[in-house]
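S.K.: Can you keep this structure in mind? I'll have questions shortly.
Residue numbers (this note's numbering): 12 to 215.
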């Protein structure tokens, strides 16, 4: 299980660094702004999560995390992108953001379960880990946070955490069950995008 947590954490860092970078480029930020957008997206949720858990954020103590984020940012600076369409429509953004969302939803839920949080605590910690970085980034660049308007975005994080709560109840949290939850969540995110599934909004 520790190996799965580590893999999910690394995948989440890489994926969210890419999506945060793309958001920064799309919003015409300068080089520093793009780097901050990428770093916030990748690390922000984990910093908030660790603060809630009452521990020093791993982003400040784990050099490996910084190396991964910086390496991805440097690689992305040499990649050219065409923004003739909305950023949310780019396949690389959809894939990277979906992987980051699911990976961090799982790691947040697992940490909450490990700390014996109740149902509400597990859902909230999973949600914050997954969307906290993107939420902070969007507020910083003066955008309506993606989690509030995008297709099933926050809902997927909640569904992931509830799935793991059920697995924990039946004492069935293992690599197989975590992999199934991750694949189903990724599939749901892609389907929601493809068929334009949205939660209903309240019209004034």
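Ideal Cβ positions, reconstructed from N, Cα and C, are used throughout, including at glycine.
A quick note: this is a predicted structure, and the numbers were derived from the prediction, not measured.
State whether the segment 137–144 contacts the segment 55–69, with contact taken as three or more CB pairs (one from each stretch) at a distance under 8 Å.
M.R.: yes
S.K.: Under 8 Å between the Cβ atoms of residue 167 and residue 136?
M.R.: Indexing the chain shown from 1 puts residue 167 at position 156. Indexing the chain shown from 1 puts residue 136 at position 125. Their beta carbons are not under 8 Å apart, which means residue 167 does not touch residue 136 by this criterion.
S.K.: Rounded to whole angstroms, what's the CA-CA distance from residue 86 to residue 73? Just pull it up for me.
M.R.: What you label residue 86 is simply residue 75 of the chain shown in a count that begins at 1. What you label residue 73 is simply residue 62 of the chain shown in a count that begins at 1. Using only the alpha carbons, I get a separation of about 21 Å.
S.K.: Are there three or more Cβ pairs, one per stretch, closer than 8 Å when the segment 106–113 is compared with the segment 23–35?
M.R.: The answer is yes - the segment 23–35 touches the segment 106–113, with three or more Cβ pairs under 8 Å.
S.K.: Who are the near neighbours of residue 150 in its chain, counting only those whose CB is closer than 7 Å to its CB and skipping five residues on each side?
M.R.: In the chain shown, counting from the first residue as 1, residue 150 sits at position 139. Correct list, in chain order: 156.
S.K.: Tell me whether residue 206 counts as near the ligand SAM, meaning its Cβ is closer than 7 Å to at least one heavy atom of that ligand.
M.R.: The ligand SAM is not part of this structure, which contains no ligands at all.
S.K.: Report all residues from its chain with a CB closer than 6 Å to the CB of residue 51; omit the five preceding and five following residues, and keep chain order.
M.R.: Counting from one through the chain shown, the residue named residue 51 turns up at place 40. Taken in chain order, the residues that qualify are 144, 147, 148.
S.K.: Enumerate in chain order the residues of its own chain whose CB-to-CB distance from residue 113 is below 6 Å, with the five nearest sequence positions on each side excluded.
M.R.: In the chain shown, counting from the first residue as 1, residue 113 sits at position 102. So the list reads 193, 196, 197, once near-sequence residues are dropped.
S.K.: Look up residue 30 in the DSSP assignment and say whether it is helix, strand or coil.
M.R.: Translated into the one-based positions of the chain shown, residue 30 becomes position 19. Helix, per DSSP.
S.K.: Within 8 Å (strictly less), CB to CB, does residue 200 reach chain B?
M.R.: The chain labelled as chain B is not found in the depicted structure, where only one protein chain is given.
S.K.: First and last residue of the alpha helix (DSSP H) that includes residue 210?
M.R.: The residue you call residue 210 lines up with position 199 of the chain shown. Where residue 210 is concerned, there is no enclosing alpha helix (DSSP H), given that its DSSP letter is neither H nor E.
S.K.: Return the CA-CA distance between residue 119 and residue 185, expressed in angstroms with no decimal places.
M.R.: Locating residue 119 in the chain shown gives position 108, where the first residue counts as 1. Locating residue 185 in the chain shown gives position 174, where the first residue counts as 1. The alpha-carbon atoms of residue 119 and residue 185 are separated by roughly 16 Å.
S.K.: Near residue 80, which residues of its chain fall below 8 Å by C-beta distance, leaving aside the five closest residues on each side in sequence?
M.R.: Counted from its first residue, the chain shown places residue 80 at position 69. Taken in chain order, the residues that qualify are 24, 28, 49, 50, 53, 54.
S.K.: Who are the near neighbours of residue 95 in its chain, counting only those whose CB is closer than 7 Å to its CB and skipping five residues on each side?
M.R.: Taking the first residue of the chain shown as 1, we reach residue 95 at position 84. With a pLDDT of 49 at residue 95, under the threshold of 50, the modelled position of this residue cannot be trusted; read the value that follows with caution. There are no such residues.
S.K.: How about residue 138 and residue 165: do their beta carbons lie closer than 8 Å?
M.R.: The residue you call residue 138 lines up with position 127 of the chain shown. The residue you call residue 165 lines up with position 154 of the chain shown. Closer than 8 Å, so yes.
S.K.: Which residues in the same chain as residue 83 place their Cβ atom closer than 7 Å to its Cβ, once the five residues preceding and following it in sequence are excluded?
M.R.: For the purposes of this step, residue 83 is identified with residue 72 of the chain shown, where counting begins at 1. Spatial neighbours of residue 83 in its own chain (CB-CB distance under 7 Å, excluding positions within 5 residues in sequence) are listed in chain order as 25, 28, 29.
S.K.: Are there three or more Cβ pairs, one per stretch, closer than 8 Å when the segment 168–180 is compared with the segment 125–135?
M.R.: yes
S.K.: What are the boundary residues of the alpha helix (DSSP H) that residue 130 is part of?
M.R.: Residue numbering aside, residue 130 sits at position 119 when the chain shown is read from its first letter. It spans 130–151 - the alpha helix (DSSP H) in which residue 130 sits, taken as one unbroken run.
S.K.: How is residue 216 classed by DSSP in three states: helix, strand or coil?
M.R.: Outside the shown range of the chain (12 to 215) lies residue 216, about which nothing can therefore be said.
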